[in-house]
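I have placed the structure first, in the form of structure tokens, so that the comments after it can refer back to it.
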Amino acid sequence: MSTLILKINSLMKNNFTKRLGNLAGNELLGKSLATGAALIAIVSTVTIVVFISIKGLSTFTVYGVSVKEFLFSANWLPDRLPAEGGPQVGVLAFIFGSVIVSMLAVLLSGPLSITCAVFIVEIAPFWGQRFLQPAIELLAGIPSVVYGYIGLSVLVPFIRDNVGGLGFSVLAGFLVLSVMILPTIVSILTDSLKSLPREYKEAALALGSTRWQAIRLVLIPAARSGLVTGVVLGLARAFGEALAVQMVIGNTRKIPTSILDPVITLTSAITMDMGNTPMGSLWNNTLWSMGLFLLIMSFFFILVVRYGVRKGGITR
Numbered sequence: 002m003s004t005l006i007l008k009i010n011s012l013m014k015n016n017f018t019k020r021l022g023n024l025a026g027n028e029l030l031g032k033s034l035a036t037g038a039a040l041i042a043i044v045s046t047v048t049i050v051v052f053i054s055i056k057g058l059s060t061f062t063v064y065g066v067s068v069k070e071f072l073f074s075a076n077w078l079p080d081r082l083p084a085e086g087g088p089q090v091g092v093l094a095f096i097f098g099s100v101i102v103s104m105l106a107v108l109l110s111g112p113l114s115i116t117c118a119v120f121i122v123e124i125a126p127f128w129g130q131r132f133l134q135p136a137i138e139l140l141a142g143i144p145s146v147v148y149g150y151i152g153l154s155v156l157v158p159f160i161r162d163n164v165g166g167l168g169f170s171v172l173a174g175f176l177v178l179s180v181m182i183l184p185t186i187v188s189i190l191t192d193s194l195k196s197l198p199r200e201y202k203e204a205a206l207a208l209g210s211t212r213w214q215a216i217r218l219v220l221i222p223a224a225r226s227g228l229v230t231g232v233v234l235g236l237a238r239a240f241g242e243a244l245a246v247q248m249v250i251g252n253t254r255k256i257p258t259s260i261l262d263p264v265i266t267l268t269s270a271i272t273m274d275m276g277n278t279p280m281g282s283l284w285n286n287t288l289w290s291m292g293l294f295l296l297i298m299s300f301f302f303i304l305v306v307r308y309g310v311r312k313g314g315i316t317r
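In this text, residue positions in the sequence shown follow this note's numbering: the first is 2, and each later residue adds one.
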């Protein structure tokens, strides 16, 4: 009997030791895979930033273009011969186009996003979460070229025939963009409203507020950090969008005077010209400088979200 007990104990000990070894091996494998994935992400990001910085800064270091001329001049003549006065690479028209189209898209999409989020969470949560939210999330999965093609086929002719102008315009651009960034803002604001303690609404109702007063005066102000995050990320998405916008804005290299005028954005200029310029030329390097400007703007939007919203710059 004692021998049998000893054998059983020995077998249990061996099995326990094997299991510990397997657990340790699996844990080591998991840590190695996670560390490797993190290193790949870090190295890839640093490599991209360094590469774009080197190519973008060469416009100023190699060709001697001033930052002031680059940012604040609208003269875009990158292929002009020296005998005619030399090339000029002012990108103010591109920056203005990106800013105006993106800002108008956010101004239109922001109130719509707040309305949709409030409807989903507070007004009709059953119907909103069952039908409206999936429909909005579906918009996020539609490729950019589809938005652009619909805008080109439907929106541009409608504007030309019923509003005025050529149809290819700032108006067409920001209308398309507003639909594209709507899912981003709605999703973030919906999550922010859902995360609020129910005591906020219950306390407001207990004090005699109507449901609309509770939403307007309590819930939306309490969720403003999520609102700002959604708007900033939507603005970042709009600022970096290329294909859909390029198809409907006309791509005229001048500053528009009305929303019915054609316009061009930084991303549109890069996608149209990058394949037609010799590598290492001033024109090509200027396009890389425009990409560097977009990268800096992306970093700025990320900093606004991380430090402005989450660390007290914009608090609930």
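Just so it is clear, CB atoms sit at the ideal spot from N, CA and C, and this is done for glycine as well.
Write down the C-beta distance between V119 and T230 rounded to the nearest angstrom, noting that I regard them as a contact closer than 8 angstroms.
-> Contact doesn't hold; Cβ gap of about 17 angstroms is too wide.
How should E28 be labelled, buried or exposed, when 16 other C-beta atoms within 10 angstroms of its C-beta is the threshold for buried?
-> exposed
Same chain only: Cβ atoms within 6 angstroms of F301, ignoring 5 sequence neighbours per side = none
If we call anything under 8 angstroms between Cβ atoms a contact, is L140 one with V249?
-> no
DSSP state of G65, grouped into three classes?
-> coil
Collapsed DSSP secondary structure at G174 in the structure displayed | helix
To the nearest whole angstrom, what separates the beta carbons of G251 and F169, a pair I think is in contact under 8 angstroms?
-> 3 angstroms
Terminal residues of the continuous alpha helix (DSSP H) containing R254?
-> Looking at the DSSP string, R254 is not in any alpha helix (DSSP H), and its letter there is neither H nor E.
Of the choices A245, L78, P144 and A42, whose alpha-carbon is the least far from that of A173?
-> A245
Take N286 and list the residues in its own chain whose beta-carbon comes closer than 8 angstroms to its own, dropping the five residues that flank it on each side.
-> K56, G57, S59, T60, V63 and Y64
Helix, strand or coil at L78 [DSSP, three-state] | strand
7 angstroms Cβ shell around G314 - same chain, five flanking residues per side excluded | With a pLDDT of only 42 at G314, under 50, the local geometry of the prediction cannot be trusted, and the value read off the model is given with reservation. Y308, listed in sequence order.
On the three-pair Cβ rule with 8 angstroms, is the stretch 274 to 285 touching the stretch 189 to 205?
-> no
Rounded straight-line distance, which links the Cα of P126 to that of I115 = 14 angstroms
For G91, which option in F73, S269, L261 and D80 has the closest C-alpha, if you only look at C-alpha atoms?
-> F73
Where does V264 fall in DSSP's three states?
-> strand
From S54 to L293, what distance separates their C-alpha atoms?
-> 6 angstroms
Euclidean distance between Cα positions of M104 and F52 = 29 angstroms
Scan the stretch 68 to 134 and note each continuous alpha helix (DSSP H) run of 4 residues or more that stays entirely inside, going in chain order.
-> 68 to 73 and 93 to 119
Give the secondary structure of V146 by DSSP, where H, G and I count as helix, E and B as strand, and everything else as coil.
-> helix
Considering only C-alpha positions, which residue in the set A94, V122, Y150 and Q247 is nearest to T258?
-> A94
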